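Numbering (the working numbering), first residue to last: 25 to 270. Virtual Cβ for every residue (Gly too), placed ideally from N, Cα, C. No experiment lies behind these values; they were computed from the predicted model shown.
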Ligand SMILES: Nc1ncnc2c1ncn2[C@@H]1O[C@H](COP(=O)(O)OP(=O)(O)OP(=O)(O)O)[C@@H](O)[C@H]1O
Ligand SMILES: [Mg+2]
């Protein structure tokens with residue numbers, strides 16, 4: 025049987041422009057911009073990355089700070105367009121990339137559940153039918169009617185995780201968000217990810233907790249300074265990363 029291709033990243037490179045001089049204020053920045061005195065240096069955050077992910081796979085991405093993991097996830101999720109190459113997904117996607125993305129800090133938890141549902145393309149009726157389950161899972165209790173800006177980062181992560189996994193997406197992307205949850209919530213999230221995996225959801229998972237990556241994923245890639253160093257079974261990749269990264 026052919027494996028279903030769910031995510032296909034082909035020769036992706038991402039260039040960012042960084043100001044080469046330190047500019048202290050918006051006023052100075054604007055003045056320099058107008059005078060054409062602002063110089064940028066190009067910087068490649070990702071260099072020719074290719075990776076295919078198949079249905080039911082769980083792919084971990086490991087690498088040091090600033091190596092390009094979140095940039096790659098944003099490109100896969102379609103939030104950013106790569107400078108070179110292409111990225112395609114073949115299925116419904118629930119991305120949890122940045123804490124607060126898809127949420128409005130001035131709205132309550134309850135209102136944000138519906139806002140996020142609308143952003144992901146779900147009907148009000150569908151969100152009504154899963155609302156109790158989301159609140160239950162998030163364990164926010166009475167805080168559900170408090171504006172999001174008064175939530176701790178762990179509380180925000182609970183709401184985001186509960187909302188993005190209730191829909192049983194075909195592709196789940198999780199960037200580091202679980203790290204801000206407490207131990208009890210992290211365990212609960214891992215259980216839910218395993219349930220989704222039993223349902224053949226494809227998972228792409230980024231965490232600085234190598235143990236967590238090893239528990240959740242069977243395959244991993246290691247990215248170092250934008251370069252794909254290794255792609256293979258999770259334990260081999262994680263051991264090499266821990267041994268060789270500096
Ligand atoms: N919008 C942007 N504009 C300019 N540079 C950016 C932008 N986004 C990311 N970068 C740079 O690209 C590089 C890769 O960043 P990225 O966030 O992908 O790293 P990461 O592997 O997720 O790191 P961490 O482990 O700290 O989350 C960094 O040097 C970062 O400063
Ligand atoms: Mg990151």
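Under the Cβ criterion (8 Å, minimum of three pairs), the region 102 to 111 counts as touching the region 36 to 56.
In chain order, the residues with a C-beta atom nearer than 5 Å to some heavy atom of ligand 1 are 40, 69, 89, 90, 91, 92, 93, 94 and 95. For residue 257, the three-state secondary structure derived from DSSP is strand. Taking a contact as a CB-CB distance under 8 Å, the pair residue 34 and residue 91 does not count as one, their CB atoms being some 20 Å apart. In this structure, residue 195 sits away from residue 80, with a CB-CB distance that is not shorter than 8 Å. In this structure, the C-beta of residue 76 stays at least 7 Å away from each heavy atom of ligand 2. Exposed is the label assigned to residue 53, since fewer than 16 other Cβ atoms lie within 10 Å of its Cβ.
Along the region 64 to 110, the beta strand (DSSP E) occurs as fully enclosed runs of 3 or more residues at 64 to 78 and 82 to 86, listed in sequence order. Residue 125 sits in coil when the DSSP states are folded into three classes, being neither helix nor strand.
Of 162, 188 and 189, the smallest CA-CA separation from residue 176 is found for 162.
The C-alpha of residue 72 is placed about 31 Å away from the C-alpha of residue 189. Counting only runs of 4 or more residues that sit fully inside the region 138 to 188, the alpha helix (DSSP H) segments are 148 to 162, in chain order. Taking non-hydrogen atoms of ligand 2 into account, the C-beta of residue 200 is found less than 7 Å away from one of them. Residues 120, 123, 181, 184 and 185 of the same chain have their beta carbon placed closer than 7 Å to that of residue 201, with the five preceding and five following residues left out of the count. Per DSSP, the continuous alpha helix (DSSP H) segment holding residue 239 begins and ends at 234 to 240. Per DSSP, the unbroken alpha helix (DSSP H) holding residue 222 starts and ends at 207 to 222.
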